[in-house]
Amino acid sequence: MPEYRTETRLERQTLLRDIFTRVAAHLNACNFEPCHIIVGTDSQVHGQTTRFVIGVVVISNMKEMWTGTQRLTKPYKIHSIYERLLYETLLTEDVLTALRVSLRNKESITFEAHLDISEESQFYSARYAEELSERLIRIGFPARLKPFAYVASHYANRYTK
């Protein structure tokens, strides 16, 4: 039986610091002009591990775009779809919150969350769409779901394989 291990505070801080450092470098390069930051996370089970990929897209003045991913692997399988979707949402929320706090004095920056969840009833994830999107909306992040959640469902998904 696999050993369940939660990530340490240091691991989470390192993950957020890596993402913020890369986003801040891009924002400095374009002089913090009006931009839109989109974050989405996707996951996939690989053997005895679960891989999460956080995708970050920064669109500057609708002309320039910067993209980046950060991979996080859990040393155990997460079988429950709800548990994986919830963790994807929490990672997205953590990254967006950290970026918003760090960039709070930059009024020209907007944020958006992309969730790899469909509202269409034929998909199992549909039953969680409202709960997880409301979670992000309540803390001030507009949330997009499939098929409009391209950062989670296409960009991050590409790197979970």
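Quick note on numbering: numbering that gives the first Met the number 0 labels position 71 of the sequence shown as 70, and the sequence is numbered without any gaps. Yeah, the Cβ is synthetic: ideal placement off N, Cα and C, and Gly gets one too. None of the values given here were measured: they were computed from a predicted structure.
Exercise for review: Write down the C-beta distance between Tyr75 and Thr48 rounded to the nearest angstrom, noting that I regard them as a contact closer than 8 Å.
Suggested key: Mapped onto the sequence shown, residue 75 falls at position 76. Mapped onto the sequence shown, residue 48 falls at position 49. A Cβ-Cβ distance of about 7 Å is found for the pair Tyr75 and Thr48, placing them in contact under the 8 Å criterion.
Point to revise | Cβ shell of Arg70 (< 6 Å), same chain only, five flanking positions each side left out | key: Residue mapping note: residue 70 aligns to position 71 of the sequence shown, counting from 1. Non-local beta-carbon contacts of Arg70 in its own chain, meaning distances under 6 Å to residues more than five positions away in sequence, involve Val52 in chain order.
Check your understanding: Counting only runs that start and end within the region 80-138, where is the alpha helix (DSSP H) found for 4 or more residues in a row?
Key -> With a minimum length of 4 residues, the continuous alpha helix (DSSP H) runs that stay inside the region 80-138 are 80-101, 125-137.
Review point. Do you know whose CA, among Val38, Arg50, Asn30, Arg16, lies nearest Ala151's CA?
Key: Along the sequence shown, one-based indexing puts residue 151 at 152. Distance check between Ala151 and each of Val38, Arg50, Asn30, Arg16 places Val38 closest, using alpha-carbon atoms only.
Review point. Run through DSSP, which three-state label would Leu35 get?
Key: For the purposes of this step, residue 35 is taken as the residue at position 36 of the sequence shown. Leu is not the amino acid found at residue 35; the sequence shown has His there. DSSP places His35 within a strand segment (E or B) once states are collapsed to three.
Exercise for review: Could you please give me the residues that DSSP links to Gly54 through a beta bridge?
Suggested key: In the sequence shown, counting from the first residue as 1, residue 54 sits at position 55. According to DSSP, which records beta bridges pairwise, Gly54 is partnered with Gly39, Thr68.
Check your understanding: For the beta strand (DSSP E) that contains Ala142, what are its first and last residues?
Key -> Along the sequence shown, one-based indexing puts residue 142 at 143. 142-145 is the extent of the beta strand (DSSP E) around Ala142.
Check your understanding: Candidates Asn27, Ile58, Arg50: which alpha carbon is nearest Thr159's?
Key -> Within the sequence shown, residue 159 is the residue found at index 160, counting from 1. Ranked by Cα distance from Thr159, the options Asn27, Ile58, Arg50 are led by Arg50.
Check your understanding: Closest by CA to Ser117, which one among Ile138, Val55, Glu130?
Key -> Here residue 117 refers to the residue found at position 118 of the sequence shown. Measuring from the Cα of Ser117, the nearest candidate turns out to be Glu130.
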